[in-house]
Structure formats: C-alpha cells, structure tokens
Amino acid sequence: MNFTDYTFLVIAIGTAILGAVCGMLGSFAVLRKQSLLGDAISHAALPGIAIAFLITGAKESNVLLLGALISGLVGTFWIRGIITKTHLKSDTALGLILSLFFGFGMLLLTFIQKQPNANQAGLDKYLFGQAATLLIADVYLMAIVTGLCLFVLLLFWKEFKILLFDADYTKTLGFNTKFIDVLITSFIVLAIVLGLQTVGVVLMSAMLLAPAAAARQWTNSLSTMVILAAVFGAFSGVFGTVISASQNNLSTGPVIVIVAGVFVLVSFVFSPSRGLLFKQIRFMKNRRDLELYKTLSFMHHIAETHEDISHPHSIKLLNNFQGFTRKTLQELEEKNYITISGLNWSLTPEGFEKASNLYNQNFKDE
Amino acid sequence: MSNPIAIKVDDLTVAYNYKPVLWDIDLEIPEGVLMAIVGPNGAGKSTLIKSILGILKPIAGSVSIYGKPYKKQRDLVAYVPQKGSVDWDFPTTALDVVTMGTYGALGWIKRPGQKEKKAALEALEKVGMLPFKGRQISQLSGGQQQRIFLARALVQNASIYFMDEPFQGVDATTEIAIINILKELRKAGKTVVVVHHDLQTVPEYFDWVTFLNVKKIATGAVKDIFNDDNLTKTYGINFKVSVNK
Ligand SMILES: Nc1ncnc2c1ncn2[C@@H]1O[C@H](COP(=O)(O)OP(=O)(O)O)[C@@H](O)[C@H]1O
Ligand SMILES: [Mg+2]
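For the record, the sequence lines run as chains S and X.
Numbering-wise (full-length UniProt numbering), the first sequence opens with residue 1 and increments by one.
Numbering-wise (full-length UniProt numbering), the second sequence opens with residue 1 and increments by one.
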C-alpha cells in the first residue's frame, strides 16, 4: 500500500474528520452519561437506509444517508418522548428503541437481499462499515458538517456547558433547555449518520464515546476535554486507516475503533490525576507516609515524658509498637526527624515539631 | 405583617406519573421573610420549589411572583438546587460555576466578560471561597460545594431566593456562614425560602415557616405556628420538640 496514494489519502482524511467530530460531540454524550444514546441512534438509522434503497433503488451514499438521518432523528426524538412522557428509565427507553429499529432494519435488509434482480450488493456495508468505499464527495460532506458543528459549538458554548452541568438551573435562568438539547442531539445524530458508511451501525457508538472517555482522564476543563477528544478521534481515524492499509485484510472501521480503545486503555491507566497507575502509586505513598508518621508520633509520645526532647531512647522501647521497621527508622533519619546512634534514637527539634503538628492536625480534623 | 406578597401560590397540584405529590396548595409568602419549608422526606418540598420556578409543570393551579407569572419575573429570582442534583465530577472550576449565575442576565450567545468575572469573584469572596476560585469542583468538600452554589445564586442579585437543603451535609462552620448570609439578605429586604431539615434550629434561623406534607399543613410566623401540634400533623407521629423560646 502506498501512503501517498490518492484513495488512501481520501480515506485517511475522511476518517480523521469523522474521528474529530465524533470526539467533540461524544464529550457531551459522555458528560451527560448518555452512553447508550450513540448506540440507539446508530441502530435506529438502519431501517432508514433500507427504506431509502427500497424507495429510490439508489446506491449513492448520500441518498441512503438521508434515509438514515431521518430514521435516526425519528428514533432519537421518539426516545426523548418516551422518557419525558412515561418516566421510563432512559436506559429502558433507549434499549427498547434500539432493538426495535435494529430488528426492523435487519428484516428489511434480509428482504432486500432475497430480491432476485435487485442491485442490492453492498447495503450490508452499513453494518460494519467499509471505509474503502469513501469518496472525495463523502469527505467534503463530512468536512462541511464538522465545520458547521464547530461553529454551533462555539456560538452556543456557554449554553451547552451550563445545560450539561445543571439543566434545572439553566431553565430557571430563562434558557430554552429543550432547544439546546435538541441542537446537541441533532448534531450527534448527524455525526453518527456520517460515520455509518465508514465504521458501521454496530461500532459507531464506540467511535463516539471512546475518544471522549479517554480525553476526560487528562483534563479538568471542558474546553480542553472537547479539543483532546477531537484530537484523539482524529488520530484514531488516521492510525486505524494506516494500520488497516498496511495489513491488507483488516477492515478499517474495526481497526479505528480498536485504536480508539487503546487511547481509552492508556488514559485510564496512565493519566496523572485520574489514572489507575498513579492512584495506586499515591495510595502506596500515602500508606508509607502514614506508617512513618505513626512511628514518629509514637516517638513523640515517649520523648514528651522527658524534659529534654532530644534525650536518646532505646530502639527496644519501640518494640511494643508494631508499626515500625528498620526502614522506617532509616527514612525518618533521612528526613532529619530523628538521629540514631547505636541502639538509641533521639528526636531532633524538627522531628518534635513535625510530630506536634501531626497531633494538632488530627485534633483540628475532629 | 403588612409587607406585600412576594410569592403567591394558588390551588397548585403537581403529579409525577399521575401520583399527586402536591395537592391543592395555597400559599402566600410576604416580602422580606426568611422562611423554612419543613416536612418529611418525600413531602414534596423540592417539588414545590421546582413548580414555583417553572421547572415542573403543574397539573393545576398557578404561581405568581409579585403579581406576575414567573416567566416575566425571572430577573427577581435566584435558585440554589439540592447539592446532589448535579455531577460534581463535571470538568469545571469553582469560579466557572459561580460565573454561571450571570448567564441569565447575559442572555443567549453573549459570553461572560470582565464585568461578569468581577461579580463572580465578589460572590466567591462573600462566601469565603475566593482562595478556591481555580479549584476543580470535585476537589471541594461538601460544605465548599454548597458555598459555591450559594455564591452562584448571589451573583444573580435577585430579590427572592429559593434554596433546597443548603445545610445538608455541611460542617458547622459552613452552616453558620450560610445562615449569616441568609440573615444579611433578609436585612436587605430580600425574601428567602429554604427547605430545611433540622427542626431544632428553625426558631433560631427563621422567622417564617411552612409545614408541608403533600398538602399544606400550616404557614405563618414561626412564633405563632411552630408548635408540637403542627409538627405532629406534618410528621404523622406524636412530635415533641421542646423548643425553647
Ligand atoms: N422525577 C420524579 N419522578 C417521579 N417521582 C418523583 C420525582 N421526583 C420526586 N418524585 C416523588 O415525589 C415525591 C416528592 O418528592 P420531593 O419533592 O423530592 O420531596 P422532598 O423534597 O420533600 O423530599 C416523592 O414521593 C418522590 O419519590
Ligand atoms: Mg427534596
């Protein structure tokens, strides 16, 4: 595979744009804890593709995607209706619509494939995606939608942010929360529909959620999160395309999703503030510090009984206290809290001060 | 009291899933009072506030703020939701949350500028949270989060404040700080409505009280109606709080 090849470039740019727009919008889905929404929308889009084909007989992606967009929107706003009208749990409503539309879509696809003379080959690419079929026109469409999305995001940034954080409060301020919500959701539907040809119905929601979930790990600012998610998404698209292009038999969509998954994995393990690794390290360090301070405060206890705080005491005295090891003593000495001579230890003034502060702190916390 | 009526609720009935949660509530809250809403869990206290604020749509009845519907009087009203109603792991800072209090006055699309930032900083100062302005909100204690919510409402510079359990899960220092701010608001002639749980402190903190349990049990001056009789009617058990007046 030649990486300067025209087809390759089209696909790489297309998947990069797709990854970026999915990452941006996915941030909103992740923060609203609507992780099933992407799944529901993409599955809801499937019957639209089939119906559009049945009506027009066309195979051009634009016509089919228009069908997908319509049934995706219908499904999505139907879900919203169900949730607000019946107070079903949103997961239940999402699951319901998801399986209903997907089942109907599969039924239609089977029907289409059974037709003898229909020009039906290739509709099933919308199930798992086929990036190789991306044309430059598709990429233009993606770019236009992404640009529009970016514009709306910047325009309504303040409204999006406050709605995500506190919807009830937003309403009391006089904002039409329904409008903001419909705006976000519509763009999510649009992004998902655009991704169907490349990534497919089944994996599309991962494309939406993975970059955003990864980005959340690295930052505590919403704007940085959205930007990072877009970057992660774009990289997933490009890396995925490169990997699948160099391994002839791998289809692009799943590889992109796997790359995005790697971003998630790495982020959940290695992020400095939220990652598992550093949490574990901090936990161990805290526990070590705690052991150290416990020993120190026990020493302080003994030293207090004597007029001269730096009076040497025997290490043996510590024996009825279980928390100390030779290493603890060494560390305390390194920190200049105690001095050790032979079998005796004595507190330094620093050590005494530190230990009394420990007491005060504990007292204050209570 | 001869003050004008700040908030008037008429025949308000609210239901979730056809189950009535508030039943035919009539309520008049005079201007300038510091009022507690008390009642057991699930009595509909939060629902009452949300209905007054237009967050929930009632089945029947109406609400007016100084004689006009809430929609027309938004600028006069500020809301402090229950602390647990938002996700404190949201990626934002204390200052940013408080700045949200200026969004209503800004309206659509316009971004907060220097003026809004200054107002937010002043509100942070007022609740003693200025040193924490840049802090990620998940790194704040429960009491500090509550102060942030209060500051966000203070920025709105309203005449009427609704607060849903502002003392829930806060430390004693924060409780005193908050009640002092509420009393200051009252002194400035504002009306403050607070969902409150600790019955012992009602006479000390508030001058007006509403007993609520699906229906309105009683409303009026604390010194007149805060008694064992109303408490028993509201909480359904024989209630004896020895209130030292
Ligand atoms: N979103 C909701 N959907 C259905 N029922 C609700 C909802 N919110 C509250 N309720 C019910 O309405 C009743 C009153 O709730 P609420 O106003 O929160 O009470 P309080 O604030 O006095 O504890 C409770 O029985 C509660 O279970
Ligand atoms: Mg409540």
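Glycine is no exception: its CB is placed at the ideal position from the N, C-alpha and C atoms.
This one's a predicted model, so the numbers in the text were calculated from it and none came from an experiment.
Where residue i falls: helix, strand or coil (DSSP)
i, result
"S/Gln115", "coil"
"S/Gly14", "helix"
"X/Leu56", "coil"
"X/Gln82", "coil"
"S/Ile309", "coil"
"S/Thr325", "coil"
"X/Asn3", "coil"
"S/Trp78", "helix"
"X/Ala218", "strand"
"X/Gln136", "strand"
"S/Gly253", "helix"
"S/Phe156", "coil"
"X/Lys19", "strand"
"S/Ile281", "helix"
"S/Lys59", "coil"
"S/Ser356", "helix"
"S/Leu108", "helix"
"X/Asp24", "strand"
"X/Asn157", "coil"
"X/Leu12", "strand"
"S/Leu88", "coil"
"X/Phe211", "strand"
"X/Thr173", "helix"
"X/Asn244", "Its pLDDT being 45, under 50, X/Asn244 is placed unreliably by the model, and the measurement read from it follows with that caveat. Of the three classes helix, strand and coil, the one that applies to X/Asn244 here is coil, per DSSP."
"S/Asn362", "Because the pLDDT of S/Asn362 is 46, which lies under 50, any placement of that residue in the model is unreliable, and the question is left without a value."
Selection from the options that minimises the alpha carbon distance to residue i
i, options, result
"X/Phe90", "S/Gly57, S/Thr224 and S/Phe165", "S/Phe165"
"S/Ser346", "S/Leu318, S/Lys327 and S/Thr325", "S/Leu318"
"S/Gln115", "S/Phe232, S/Ser90 and S/Gly57", "S/Gly57"
"S/His301", "S/Gln280, S/Leu358, S/Thr328 and S/Leu329", "S/Leu358"
"X/Met35", "X/Ile225, X/Ile217, X/His196 and X/Val209", "X/Val209"
"X/Asp87", "S/Val242, S/Arg32 and S/Leu154", "S/Arg32"
"X/Gly32", "X/Ile225, X/Ala221, X/Gly236 and X/Asn227", "X/Ala221"
"X/Lys223", "X/Leu76, X/Tyr205 and X/Ala78", "X/Tyr205"
"S/Ala215", "S/Ile144, S/Val262 and S/Ile79", "S/Val262"
"S/Leu343", "S/Ser314, S/Gly38 and S/Thr172", "S/Ser314"
"X/Glu116", "X/Ser138, X/Met100 and X/Gly128", "X/Met100"
"S/Leu153", "S/Leu54, S/Asp124 and S/Thr185", "S/Thr185"
"S/Arg274", "X/Asn3, X/Asn41 and X/Gln139", "X/Gln139"
Same chain, Cβ closer than 8 Å to residue i, five either side skipped, listed in chain order
i, result
"S/Leu135", "Val10 and Ser61"
"X/Leu56", "Val14, Thr47 and Lys50"
"S/Leu203", "Phe128, Gly129, Gly253, Pro254 and Val257"
"S/Met142", "Gly14, Ile17, Leu18, Val21 and Leu194"
"S/Ile180", "Phe156, Glu159, Phe160, Leu163 and Thr170"
"X/His196", "Ala36, Ile37, Val38, Glu165, Phe167, Val202, Tyr205 and Phe206"
"S/Thr348", "Ser310, Asn336, Tyr337, Ile338 and Thr339"
Cβ shell of residue i (< 7 Å), same chain only, five flanking positions each side left out
i, result
"X/Gly54", "Tyr70 and Lys71"
"S/Phe175", "Glu159"
"S/Thr170", "Ile162, Leu163 and Thr177"
6 Å Cβ shell around residue i - same chain, five flanking residues per side excluded
i, result
"X/Asn244", "In this prediction, X/Asn244 has a pLDDT of 45, which is less than 50 and means its spatial position is unreliable; what the coordinates show is noted afterwards. So no residue of the chain qualifies."
"S/Pro272", "Phe278"
"S/Phe239", "Val259"
"X/Phe132", "Ala94"
"S/Val231", "none"
"S/Ser267", "Ala214 and Gln217"
"S/Gly75", "Ala44, Ile97 and Phe101"
"S/Ala355", "Leu296, Ser297 and His300"
Interface flag, residue i vs chain C, CB-CB below 8 Å
i, result
"S/Arg216", "Among the protein chains of the structure shown, namely S and X, there is no chain C."
Query raised in the report: Per the contact definition of three or more C-beta pairs closer than 8 Å, is the stretch 146-153 of chain S in contact with the stretch 3-21 of chain S?
Result: yes
Requested in this report: Inspect the CB distances between the stretch 34-49 of chain S and the stretch 88-101 of chain S and report whether three or more fall short of 8 Å.
Outcome: yes
Requested in this report: Flag this pair as touching only if the stretch 40-49 of chain X and the stretch 97-111 of chain X have three or more C-beta atom pairs under 8 Å; answer yes or no.
Outcome: no
**Report entry** At least 3 beta-carbon pairs within less than 8 Å: the stretch 116-124 of chain X vs the stretch 144-161 of chain X
**Finding:** yes
**Report entry** Near-chain S residues of the stretch 35-57 of chain X - C-beta to any C-beta below 8 Å
**Finding:** Lys50, Leu53, Gly54 and Ile55
**Report entry** the stretch 325-337 of chain S contacting the stretch 18-31 of chain X, beta-carbon criterion three pairs below 8 Å
**Finding:** no
Requested in this report: Note down, in chain order, all residues in the stretch 63-76 of chain X with a beta-carbon under 9 Å from any beta-carbon belonging to chain S.
Outcome: Answer set for the stretch 63-76 of chain X: Tyr70, Lys71, Arg74 and Asp75.
Query raised in the report: Three or more beta-carbon pairs under 8 Å between the stretch 212-228 of chain S and the stretch 91-98 of chain X, yes or no?
Result: These segments touch.
Query raised in the report: Taking any Cβ of chain X, which residues in the stretch 18-32 of chain S have a Cβ under 7 Å from it, in chain order?
Result: Cβ contacts with chain X: Leu31.
Requested in this report: Kindly confirm or deny that the stretch 7-15 of chain X and the stretch 55-68 of chain X touch, where touching means at least three C-beta pairs closer than 8 Å.
Outcome: yes
**Report entry** Under 7 Å (Cβ pairs) to chain S, residues found in the stretch 140-151 of chain X
**Finding:** none
Query - Near-chain S residues of the stretch 109-127 of chain X (beta-carbon distance less than 9 Å), N- to C-terminal order - result: Ile109, Lys110, Arg111 and Pro112
Requested in this report: Can you give me, in chain order, the residues of the stretch 167-186 of chain S that have a beta carbon less than 7 Å from any beta carbon in chain X?
Outcome: Asp168, Tyr169, Lys171, Thr172, Leu173 and Gly174
Query raised in the report: Pairing CB atoms from the stretch 45-54 of chain S with CB atoms from the stretch 105-112 of chain S, are three or more of them under 8 Å?
Result: yes
Query - chain S contacts made by the stretch 148-180 of chain X, where a contact means CB separation under 7 Å - result: none
Query raised in the report: Residues in the stretch 4-27 of chain X with C-beta within 8 Å of chain S's C-beta atoms, listed in sequence order?
Result: Tyr16 and Asn17
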